[in-house]
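One point on numbering: in our numbering, the residue at position 232 of the sequence shown is 235, and numbering is uninterrupted.
To start, the structure itself, in structure tokens.
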Amino acid sequence: MVDIINQTEPSLNPVTDSPVRTVQRVRHELKRRTLTVRRTALLSPHLLRITFTSPELQDFISLSFDDHVKLILPGEPPVMRDYTPRRFSGDELDIEFALHGHGPAATWATQAAPGQTVQIGGPRGSFVVPVDFDWHLLVGDLSALPAITRRLEELPAACTAIVRVLADAAEQRALPSRANVNLQWITADLPAAVQALTLPPGEGYAWAAGEASVTAAVRAVLVGTHGLPKERIRAAAYWKPGNAGHHENL
Ligand SMILES: Cc1cc2nc3c(=O)[nH]c(=O)nc-3n(C[C@H](O)[C@H](O)[C@H](O)COP(=O)(O)OP(=O)(O)OC[C@H]3O[C@@H](n4cnc5c(N)ncnc54)[C@H](O)[C@@H]3O)c2cc1C
4 MVDIINQTEP
14 SLNPVTDSPV
24 RTVQRVRHEL
34 KRRTLTVRRT
44 ALLSPHLLRI
54 TFTSPELQDF
64 ISLSFDDHVK
74 LILPGEPPVM
84 RDYTPRRFSG
94 DELDIEFALH
104 GHGPAATWAT
114 QAAPGQTVQI
124 GGPRGSFVVP
134 VDFDWHLLVG
144 DLSALPAITR
154 RLEELPAACT
164 AIVRVLADAA
174 EQRALPSRAN
184 VNLQWITADL
194 PAAVQALTLP
204 PGEGYAWAAG
214 EASVTAAVRA
224 VLVGTHGLPK
234 ERIRAAAYWK
244 PGNAGHHENL
């Protein structure tokens, strides 16, 4: 079941007379599924792809790269952590784990082997950003890279994407896309890299995620330096030092 919460007819921009792009929030029926690890692949030293399989994935819905599922690990109480559905088709779902060296989810991923089972819940909803913006800015660290990679794969050829990823040199790799992509890997100051951008003309959408204070600083630059309106920015803290399972929309 898909329940569109805020579908609106696109209105017209009074100045340009072109349609105003509308972000859509869609709610999904909440389901828990049991998945089995089919295979694992180390994409870079600290990013591990796990391909899960299950007949229960046949009706899996994920409408946006911004979606997350809850990974549920057994315990009392169970451990729940948010992860991006990176790719899904038929009876398979890929999740890419940043191996950050702490925490039950990253630790579980490190030892995952074919045949092991785990549960997921959701996605409970999707935040769907139209692809027809004049440009897309995608900013984040290794925890946001699965979402960024999915978005780049999904953007059509006519799109322009500017991408800034905070990661050590060893994690850097090609990110396939049909879009016209300007990608730079940043090894130190992500907010400064975003500050230094000259954004293209037209109406764009900025998406940022990763460590809480860095993402908050990126968001401040987008508003303060680049003057982007709040409704053209989606920024989320995907983790926070010293906090378990932190998730906050900024
Ligand atoms: C919507 C959403 C989608 C996400 N998608 C992904 C994804 O696809 N892949 C992914 O890897 N992560 C993703 N994350 C981030 C992931 O949920 C967190 O990193 C989570 O904390 C991992 O759980 P854990 O049990 O390993 O560590 P926790 O028990 O939650 O945290 C333990 C400690 O580890 C440290 N820590 C946590 N995460 C990180 C990190 N990424 N890097 C460095 N230190 C860290 C913190 O200091 C924390 O106190 C997503 C988060 C959100 C909110």
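All C-beta atoms, glycine included, are put in the ideal place defined by N, C-alpha and C.
Using only the heavy atoms of ligand 1, determine whether one of them is closer than 8 angstroms to the beta carbon of LEU145. Within the cutoff, so yes.
Buried/exposed call for GLY104, threshold 16 Cβ in 10 Å: Exposed is the label assigned to GLY104, since fewer than 16 other Cβ atoms lie within 10 Å of its Cβ.
List in chain order: all unbroken alpha helix (DSSP H) runs of 4+ residues lying wholly within the region 48 to 85. Correct list: empty.
N-terminal and C-terminal residue of the alpha helix (DSSP H) that GLN114 is part of: For GLN114, the enclosing alpha helix (DSSP H) starts and ends at 107 to 114.
Classify ALA172: buried if its beta carbon has 16 or more other beta carbons within 10 angstroms, exposed otherwise. Classification for ALA172: exposed.
By Cβ distance, which residues of its chain are closer than 8 angstroms to ALA116, with the 5 residues on each side in sequence left out? Within its own chain, the residues whose Cβ lies closer than 8 angstroms to the Cβ of ALA116, once the five positions on either side in sequence are excluded, are VAL40, THR43, listed in chain order.
What does a CB cutoff of less than 8 angstroms around SER180 pick up in its chain, not counting 5 residues either side in sequence? Here the set comprises LEU155, GLU156, LEU158, ALA164.
Which partner residues of GLY213 appear in the DSSP bridge assignment? Beta-bridge pairing links GLY213 to ALA240.
Might you give, ordered along the chain, the residues of its own chain that have their beta carbon closer than 6 angstroms to the beta carbon of ARG52, omitting 5 neighbours on each side? In the same chain as ARG52, and ignoring 5 residues on each side of it, the C-beta atoms closer than 6 angstroms to its own belong to ALA44, LEU46, ASP97, GLU99, in chain order.
By the three-class DSSP mapping on this structure, what secondary structure does LEU155 have? DSSP places LEU155 in helix when its eight states are reduced to three.
Compare the C-alpha of LEU38 against each of ALA182, GLU234, ALA147, PHE63 and name the closest. The residue with the shortest Cα to Cα distance from LEU38 is PHE63.
Own chain, CB closer than 6 angstroms to ILE189, minus 5 neighbours either side, in chain order: Counting only Cβ-Cβ distances below 6 angstroms, and skipping sequence neighbours, we find ARG167, LEU169, ALA196.
Using a Cβ-Cβ cut-off of 6 angstroms (strictly less than) and excluding sequence neighbours within five positions of ARG237, which residues of its own chain qualify? Correct list, in chain order: TRP210.
Does the beta-carbon of ASP135 have 16 or more other beta-carbons within 10 angstroms, so that it is buried, or is it exposed? Classification of ASP135: exposed, given that the 10 Å Cβ count is below 16.
Close Cβ partners of VAL72 (< 7 angstroms) along its chain, the five nearest in sequence each way excluded: These residues qualify, in order along the chain: TYR86, PRO88, ILE123, GLY124, GLY125, PRO126.
Let me check one thing: in DSSP terms, what residues is GLN122 bridge-paired to? DSSP output for GLN122 lists THR37, ILE75 as bridge partner(s).
Spatially closest choice to TRP242 from ALA109, GLY93, GLY230, by CA coordinates: Measuring from the Cα of TRP242, the nearest candidate turns out to be ALA109.
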